[in-house]
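S.K.: For any residue, its number in our numbering is found by taking its place in the sequence shown, counting from 1, and adding 1205.
By construction, the Cβ of each residue, glycine as well, lies at the ideal position given by its N, Cα and C atoms.
Values in this document were obtained by computation on a predicted structure and should not be read as measured data.
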Amino acid sequence: MEKVWGQDWDQIKPTRWFDEEPNYGTKPVLKSVSSFKFPVFQAGPRVCIGKEMAFMQMKYVVGLVLSRFEIIPLCKNPPVFVPLLTAHMAGGLKLGQLTSDPSSDDPARGNKDVRDPISASSRSRQHQLATRSAQGQLAFRS
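See the structure below:
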């Protein structure tokens, strides 16, 4: 591992992926890394045919995990959409996470009444959030 990734291979250092140390307010430039350096899926003519499927499943699992949390925008102004090849928000979109909601209205968790997607408990929770937000009482974890 040390030959490939260097002496600090076992330390979490996000800056290792940048060409130079980013300064506050400047956008970091990512290093270009050969796809042969990450041996899990290989690269070139013998690339794993399941690579795209694995990435698709990874995105699905991340989406499923995130759906268990209430994630709300932290910005006071509505985000400004920047139309590019991929969707972007001007200045990014800062999000906050309140708590996980184990008693959600998810049919997979045992709630069989799915006719009304916004149940009374969900409406009550939305009202509590709106009230607490208006009073400035929400605390966010980053």
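DSSP three-state label for Phe1241, please.
M.R.: helix
S.K.: If you scan the stretch 1239-1281 from start to end, which runs of the beta strand (DSSP E) of 3 or more residues do you find wholly inside it?
M.R.: With a minimum length of 3 residues, the continuous beta strand (DSSP E) runs that stay inside the stretch 1239-1281 are 1274-1278.
S.K.: When the Cα atoms are used, what is the spatial distance from Trp1222 to Arg1273?
M.R.: 30 angstroms
S.K.: Suppose you measure from the CA of Gly1255 to the CA of Val1209; what does that come to, to the nearest Å?
M.R.: When rounded, the distance between both Cα atoms is 24 angstroms.
S.K.: What is the C-beta distance between Phe1246 and Val1252, in whole angstroms, given that I count them as a contact (C-beta under 8 angstroms)?
M.R.: 6 angstroms
S.K.: By Cβ distance, which residues of its chain are closer than 7 angstroms to Ala1248, with the 5 residues on each side in sequence left out?
M.R.: Ser1240, Phe1241
S.K.: In this structure, does DSSP put Val1287 in helix, strand or coil?
M.R.: strand
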